[in-house]
Amino acid sequence: MNEMEILLENRWVVRAKDTDLYYKVKNKVDDYKDFIKEKLGYSLIINPRFIKLEKKPGAAECFMGIGDFDSIMEYVFFTIMIMFLEDKGAEEQFILSQLTDYVQSKYEGSEKIDWTIYTHRRRLIKTLRYCSEQYLIRVTDGDDTEFINSDAGEVLYENTGLSKYFVNRFSENILGYNSWEDFEKGSHEDMNIDKGIFLRNRVYRKVFMSPVVYNKGTDDIDYLYIKQHKSVLENDIQKFLDSDFHVHKNGAMILLNENKRYKEVFSSEKNISDIVLQINYEIRERIKNKQFTPKENDVITVSTLQFETLIEDVRNKNNTGWGKSYREMRIGQIIDEVKVYMYYFSFINIKEDEKEIEILPLSYKIVGRYSEGFDGKINEEVRKNDG
341 MNEMEILLEN RWVVRAKDTD LYYKVKNKVD DYKDFIKEKL GYSLIINPRF
391 IKLEKKPGAA ECFMGIGDFD SIMEYVFFTI MIMFLEDKGA EEQFILSQLT
441 DYVQSKYEGS EKIDWTIYTH RRRLIKTLRY CSEQYLIRVT DGDDTEFINS
491 DAGEVLYENT GLSKYFVNRF SENILGYNSW EDFEKGSHED MNIDKGIFLR
541 NRVYRKVFMS PVVYNKGTDD IDYLYIKQHK SVLENDIQKF LDSDFHVHKN
591 GAMILLNENK RYKEVFSSEK NISDIVLQIN YEIRERIKNK QFTPKENDVI
641 TVSTLQFETL IEDVRNKNNT GWGKSYREMR IGQIIDEVKV YMYYFSFINI
691 KEDEKEIEIL PLSYKIVGRY SEGFDGKINE EVRKNDG
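Yeah, the sequence shown ends on 727 if you go by the numbering used here, and it's all consecutive.
What follows is the structure, encoded as structure tokens:
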């Protein structure tokens with residue numbers, strides 16, 4: 341993984357955590373700083389403690405939350421922890437009970453925090469573990485599983501002093517913002533940025549940070565930019581990611597080379613990834629057989645029942661090659677996992693009323709199936725044109 345990829349893949353590179361990686365990235369700054377500033381429009385912070393690329397998306401997408409969190413309460417806990425650490429000096433220690441008292445006093449959700457409730461304790465510890473992974477705190481003594489099992493458990497932590505740098509800096513006043521839409525609107529209305537530069541930055545952010553950029557129609561200036569500057573984008577992607585850029589009539593995406601190993605990519609070694617490749621193959625077959633008919637924008641709209649039946653059909657055909665957990669999993673759970681996974685990677689869009697599902701073009705461009713003499717490996721195919 342080159343230095344640019346390291347910055348894109350990680351929130352930051354902390355010297356105390358990995359000195360060699362810190363200097364590897366720092367020593368190559370001149371190779372990528374112009375691209376970061378001019379094409380992505382990102383700020384790059386370099387100081388003696390860490391290097392951070394302040395990433396902002398071209399558009400908000402469903403996968404952009406904190407993957408370790410599965411409840412609003414955990415996000416609130418995390419925000420309160422950042423506040424708590426703001427008042428602590430670097431290397432200052434604190435015990436878990438100090439934090440629990442602080443969280444309880446600051447929490448303003450509809451549900452009252454009660455540490456005798458297992459779910460509340462588990463969510464707090466999950467949030468603390470995320471803080472530790474991000475190097476905001478260190479565990480000095482104790483075992484947090486004791487607190488999960490009983491609210492009497494105690495742990496000693498140390499503040500690293502990095503919490504004040506965790507949140508990105510904003511050029512606009514965000515105190516009045518109430519939703520993610522406010523952040524997008526605020527960026528659009530920033531009159532200090534040349535509109536041409538803003539467009540370029542937004543498109544590059546979408547291309548580099550999203551699984552796919554879909555064409556939203558004739559008035560989509562972002563997609564028009566992609567088509568007009570395809571060769572420049574291709575050169576930049578080849579230079580900084582050593583990968584290919586595919587532009588179709590209704591979608592553009594980076595296709596990573598097989599040697600790339602990022603945290604969350606499609607396809608991957610995960611069994612769910614193979615299952616989705618097989619589902620995508622079945623979608624393509626149904627298009628060939630005229631069972632599914634894409635619209636002009638290459639989107640296929642089906643009922644939720646139709647889509648869930650398709651998943652069940654794929655399971656019945658292929659599950660002998662699936663991992664043990666998926667072979668034994670209830671079909672309802674498989675359906676739920678597949679829908680969430682495909683939604684996150686922009687293969688499908690689930691309508692608001694959940695009665696219909698839009699199968700998006702990427703789904704039948706990247707497909708896979710077991711070979712004739714089944715050996716447990718899936719053959720992946722990528723369609724490289726719109727034919």
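Built from N, CA and C at the ideal position, the CB exists for glycine as well.
| CA-to-CA distance, residue 683 to residue 410, given in whole angstroms | Walking along the sequence shown from the start, residue 410 turns up at place 70. Walking along the sequence shown from the start, residue 683 turns up at place 343. Computed Cα separation, rounded: 16 Å.
| query | With respect to the beta strand (DSSP E) encompassing residue 477, which residues constitute its N-terminal and C-terminal limits? | reply | In the sequence shown, residue 477 corresponds to position 137, counting from 1. Residue 477 -> beta strand (DSSP E) spans 477-482.
| request: Would you mind stating whether residue 482 and residue 493 have Cβ atoms separated by less than 9 Å? | output: If you number the sequence shown from 1, residue 482 lands on position 142. If you number the sequence shown from 1, residue 493 lands on position 153. In this structure, residue 493 lies closer than 9 Å to residue 482 by Cβ.
| task | With DSSP as the reference, label residue 633 as helix, strand or coil. | result | Locating residue 633 in the sequence shown gives position 293, where the first residue counts as 1. Residue 633 falls in the coil class under three-state DSSP.
| request: Drop a sphere of 10 angstroms on the beta-carbon of residue 573, count the other beta-carbons inside from all chains shown, and report buried for 16 or more, exposed for fewer. | output: Indexing the sequence shown from 1 puts residue 573 at position 233. Label assigned to residue 573: buried.
| said: Can you tell me whether residue 403 is helix, strand or coil according to DSSP? | reply: Walking along the sequence shown from the start, residue 403 turns up at place 63. Here residue 403 sits in helix by DSSP.
| Through-space distance from residue 609 to residue 648, alpha-carbon basis | The residue you call residue 648 lines up with position 308 of the sequence shown. The residue you call residue 609 lines up with position 269 of the sequence shown. The straight-line gap from Cα to Cα measures roughly 24 Å.
| field | Those runs of the alpha helix (DSSP H) which lie wholly inside the segment 536-595 and span at least 4 residues | value | 561-568, 570-581
| Cβ contact check for the segment 630-645 and the segment 686-699: 3 or more pairs under 8 Å | yes
| Cα-Cα, which of 671, 371, 537, 422 is closest to residue 507? | What you label residue 507 is simply residue 167 of the sequence shown in a count that begins at 1. The shortest Cα separation from residue 507 among 671, 371, 537, 422 belongs to 422.
| said: Suppose the cutoff is 8 Å on Cβ atoms and the five residues either side in sequence are ignored; what does the same chain contact list for residue 603 look like? | reply: Here residue 603 refers to the residue found at position 263 of the sequence shown. Counting only Cβ-Cβ distances below 8 Å, and skipping sequence neighbours, we find 349.
| said: Once DSSP output is grouped into helix, strand and coil, what is the label at residue 525? | reply: Mapped onto the sequence shown, residue 525 falls at position 185. Three-state result, residue 525: helix.
| Does DSSP put residue 461 in a helix, a strand or coil? | Start at 1 with the first residue of the sequence shown, and residue 461 comes out as number 121. The answer is helix: DSSP assigns residue 461 an H, G or I state.
| query | According to the neighbour-count rule (16 or more other Cβ atoms, all chains shown, within 10 Å of its Cβ), is residue 548 buried or exposed? | reply | For the purposes of this step, residue 548 is taken as residue 208 along the sequence shown, with counting starting at 1. Flag for residue 548 reads buried.
| What does a CB cutoff of less than 8 Å around residue 346 pick up in its chain, not counting 5 residues either side in sequence? | Numbered from 1 along the sequence shown, position 6 holds the residue referred to as residue 346. 353, 361, 364, 365.
| said: Would residue 600 and residue 587 be called neighbours here (beta carbons separated by less than 9 Å)? | reply: Within the sequence shown, residue 600 is the residue found at index 260, counting from 1. Within the sequence shown, residue 587 is the residue found at index 247, counting from 1. No, the Cβ-Cβ distance between residue 600 and residue 587 is not below 9 Å.
| task | Give me the Cα-Cα distance between residue 405 and residue 607, rounded to the nearest whole angstrom. | result | Residue numbering aside, residue 405 sits at position 65 when the sequence shown is read from its first letter. Residue numbering aside, residue 607 sits at position 267 when the sequence shown is read from its first letter. Roughly 20 Å separates the two Cα atoms.
| field | Alpha-carbon spacing of residue 510 relative to residue 538, whole angstroms | value | Within the sequence shown, residue 510 is the residue found at index 170, counting from 1. Within the sequence shown, residue 538 is the residue found at index 198, counting from 1. If I take the Cα positions, the gap works out to 15 Å.
| request: Report the rounded CA-to-CA distance for residue 619 versus residue 691, giving the unit in angstroms. | output: Position 279 of the sequence shown, counted from the first residue, corresponds to residue 619. Position 351 of the sequence shown, counted from the first residue, corresponds to residue 691. The alpha-carbon atoms of residue 619 and residue 691 are separated by roughly 19 Å.
| Unbroken alpha helix (DSSP H) run spanning residue 644, endpoints | Taking the first residue of the sequence shown as position 1, residue 644 is located at position 304. Note, residue 644: alpha helix (DSSP H), 644-658.
| message | The alpha helix (DSSP H) that contains residue 685, what's its start and end? | response | Mapped onto the sequence shown, residue 685 falls at position 345. Run containing residue 685: none; DSSP gives neither H nor E here.
| How would you write the range of the beta strand (DSSP E) that residue 383 sits in, first residue to last? | By 1-based counting over the sequence shown, the position of residue 383 is 43. It spans 383-386 - the beta strand (DSSP E) in which residue 383 sits, taken as one unbroken run.
| Identity of the residue in 438, 407, 430 nearest residue 420 by Cα | As a working mapping, residue 420 is identified with position 80 in the sequence shown. Closest by alpha carbon: 438.
| query | Would you call the CB atoms of residue 380 and residue 503 closer than 9 Å? | reply | Numbered from its first residue, the sequence shown carries residue 380 at position 40. Numbered from its first residue, the sequence shown carries residue 503 at position 163. Their beta carbons are not under 9 Å apart, which means residue 380 does not touch residue 503 by this criterion.
| Taking contact to mean at least 3 C-beta pairs separated by less than 8 Å, is the segment 449-461 in contact with the segment 469-482? | No, they do not touch.
| Apart from the five residues on each side of it in sequence, which residues of its chain come closer than 8 Å, Cβ to Cβ, to residue 443? | Stepping through the sequence shown from its first residue, residue 443 is reached at position 103. Setting aside the 5 residues that flank it on each side, residue 443 is surrounded in the same chain by 417, 420, 421, 424, 453, 464, each with a C-beta closer than 8 Å to its C-beta; the list follows chain order.
| Beta carbon of residue 401 nearer than 9 Å to that of residue 550 | By one-based count along the sequence shown, residue 401 stands at place 61. By one-based count along the sequence shown, residue 550 stands at place 210. Yes.
| said: My output table needs one value for residue 501: the three-state DSSP class, helix, strand or coil. | reply: In the sequence shown, the residue the question calls residue 501 occupies position 161. The answer is coil: DSSP assigns residue 501 none of H, G, I, E or B.
| field | Alpha carbon of residue 628 to alpha carbon of residue 709, nearest angstrom | value | To locate residue 628, count along the sequence shown from 1; it is residue 288. To locate residue 709, count along the sequence shown from 1; it is residue 369. Taking the straight line joining both Cα atoms gives about 16 Å.
| In the structure shown, what three-state DSSP assignment does residue 507 receive? | By one-based count along the sequence shown, residue 507 stands at place 167. Note: residue 507 maps to coil in three-state DSSP.
| task | Could you tell me which of 634, 563, 462, 359 sits nearest to residue 545, measuring between CA atoms? | result | As a first step, residue 545 must be located in the sequence shown, where it is residue number 205. Among 634, 563, 462, 359, the Cα nearest to that of residue 545 belongs to 563.
| query | residue 496 bridges to which residues according to DSSP? | reply | In the sequence shown, residue 496 corresponds to position 156, counting from 1. 435, 481, per the DSSP bridge assignment.
| Cα-Cα separation, residue 431 to residue 505 | As a first step, residue 431 must be located in the sequence shown, where it is residue number 91. As a first step, residue 505 must be located in the sequence shown, where it is residue number 165. Spanning the two alpha carbons is a distance of roughly 16 Å.
| request: Give me the Cα-Cα distance between residue 727 and residue 553, rounded to the nearest whole angstrom. | output: For this step, residue 727 is matched to residue 387 along the sequence shown. For this step, residue 553 is matched to residue 213 along the sequence shown. Because residue 727 sits at a pLDDT of 41, beneath the cut-off of 50, its placement in the model cannot be relied upon, and the following sentence gives the value as read from the coordinates. Whole-angstrom Cα-Cα distance: 19 Å.
| What separation, rounded to the nearest whole angstrom, lies between the Cα atoms of residue 591 and residue 516? | Walking along the sequence shown from the start, residue 591 turns up at place 251. Walking along the sequence shown from the start, residue 516 turns up at place 176. Computed Cα separation, rounded: 35 Å.
| field | Inter-residue spacing [alpha-carbon to alpha-carbon] between residue 687 and residue 622 | value | The residue you call residue 687 lines up with position 347 of the sequence shown. The residue you call residue 622 lines up with position 282 of the sequence shown. Their Cα atoms are separated by approximately 13 Å.
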